[in-house]
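Single-structure report; data block below.
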Amino acid sequence: MEQKDQKQSNKKVILLIAALIVAAIAMFGIYKVFMPEGKAGAKEITVTVVHGDESSKDFIYQTDEAYLGDVLKAEELVEGTEGEFGMFITSVDGETADDSREQWWCITKGGETLNTSADQTPIEDGDKFELTLTEGY
Numbered sequence: 004m005e006q007k008d009q010k011q012s013n014k015k016v017i018l019l020i021a022a023l024i025v026a027a028i029a030m031f032g033i034y035k036v037f038m039p040e041g042k043a044g045a046k047e048i049t050v051t052v053v054h055g056d057e058s059s060k061d062f063i064y065q066t067d068e069a070y071l072g073d074v075l076k077a078e079e080l081v082e083g084t085e086g087e088f089g090m091f092i093t094s095v096d097g098e099t100a101d102d103s104r105e106q107w108w109c110i111t112k113g114g115e116t117l118n119t120s121a122d123q124t125p126i127e128d129g130d131k132f133e134l135t136l137t138e139g140y
């Protein structure tokens, strides 16, 4: 009788794992379908850099790129490390975020915080982005 219970328990575990895998694949598929997409073509964007001393500087770019990260890298405005979701920006316009002070570069569009990395942020003609050195996680 104990062996039969063990087999049923193993069967339940296998079914649970299979269900989790199917759910993960479905979620990934949904993400890919609804992920914002950039469109190539001539456009002009403005990137305002707000430094740690609160000074700011505007950069205007003419580009055919579809994503913000591609423009920032091509123009050598930013430096960073590549990660699972694209580039993690560590330095902008020569200013590097200081990890010991919990500094990081926040990307906003028209003052609204973005939920995508620069590499996943599509751009359109006339877009205005801000890169602000922020302190505190």
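The sequence shown runs contiguously to residue 140 in the numbering used here.
Just so it is clear, CB atoms sit at the ideal spot from N, CA and C, and this is done for glycine as well.
The structure presented is a predicted model; accordingly, all values stated were derived computationally and were not measured.
With residue i and residue j assumed to form a contact (beta carbons below 8 Å), what rounded beta-carbon distance in angstroms separates them?
i	j	result
A69	I126	7 Å
A128	E47	The sequence given here has Asp at residue 128, not Ala. That belief holds up - the Cβ atoms of D128 and E47 are roughly 6 Å apart, short of 8 Å.
Do the CB positions of residue i and residue j come within less than 8 Å of each other?
i	j	result
A137	G72	According to the sequence displayed, residue 137 carries Thr and not Ala. No. Outside cutoff.
I92	V74	no
K42	V52	no
E98	G55	yes
E78	Y64	yes
E133	T111	yes
G89	D130	no
Going by other Cβ atoms of all chains shown within 10 Å of its Cβ, with 16 needed for buried, is residue i buried or exposed?
i	result
S120	buried
T116	exposed
V95	buried
A100	buried
Thinking C-alpha only, which one of the options is nearest residue i?
i	options	result
G113	T49, D67, E57 and G86	T49
Q106	E47, K14, F62 and Y140	Y140
W108	K76, S12 and T135	T135
Checklist entry - Can you give, in chain order, each stretch of the alpha helix (DSSP H) that sits fully within the segment 58 to 83 and has at least 4 residues? => result For the segment 58 to 83, whole alpha helix (DSSP H) runs of length 4 or above, ordered along the chain, are 71 to 77.
Next on the checklist: If we require 3 or more residues per run, which beta strand (DSSP E) segments fall completely within the segment 83 to 128?
Outcome noted: The qualifying runs are 89 to 95 and 106 to 112.
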